[in-house]
């Protein structure tokens with residue numbers, strides 16, 4: 001289950017990245033990729049919840065990222081980092097089935113694997129700050 005969810009997060013990141021680069025709605029990109037029937041159903045369901053959740057809360061997520069990222073505007077962030085943060089923030093703040101520590105750890109893992117040397121520390125710092133503020137944030 002854990003490995004399947006990690007794979008789903010990576011696929012969700014790929015969908016969000018492609019959607020942003022192409023200017024397409026994430027749901028459309030996900031639908032195009034759904035033809036890949038090699039994914040287990042549980043992974044597909046989790047992937048769908050991630051994409052829908054990020055899309056549903058994207059405006060508030062971006063507002064939080066912009067507010068609490070020190071030294072970086074949303075536009076200056078690499079696209080991959082921006083979307084890792086969106087995924088992590090959604091899981092941290094709106095997805096109660098994922099423990100907070102797991103949400104942060106998974107986001108840091110994606111940043112370590114797919115982005116710059118500085119990205120894991122940046123992602124960890126920003127998501128940890130959102131975790132600290134979680135009780136006081138209006139969601």
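In UniProt numbering, the protein residues as written are 1 to 139. Every residue gets a Cβ at the ideal spot worked out from N, C-alpha and C, and that includes glycine. Computed from a predicted structure; not experimentally measured.
Query                                                                                                                                                             : Result
Near residue 79, what residues of its chain come up, given a Cβ to Cβ distance below 8 Å and the 5 sequence neighbours on each side ignored?                      : 17, 20, 21
Per the contact definition of three or more C-beta pairs closer than 8 Å, is the segment 48-56 in contact with the segment 2-12?                                  : yes
Taking 8 Å as the cut-off, does the segment 25-32 touch the segment 81-97 (at least 3 CB pairs, one atom from each stretch)?                                      : no
Using C-beta distances below 6 Å, list every residue in its chain close to residue 81, excluding the 5 sequence neighbours before and after it, in chain order.   : 115, 119
Which class does residue 67 belong to by DSSP, given the choice of helix, strand or coil?                                                                         : helix
Going by beta carbon distance, what residues of the same chain come within less than 8 Å of residue 73, once the five residues before and after it are set aside? : 66
Closest to residue 136 by CA distance: which of 31, 83, 42, 64 is it?                                                                                             : 64
Tell me, to the nearest whole angstrom, how far the beta carbon of residue 61 is from that of residue 123; I am working on the premise that it is less than 8 Å.  : With a Cβ gap of about 14 Å, residue 61 and residue 123 do not count as contacting.
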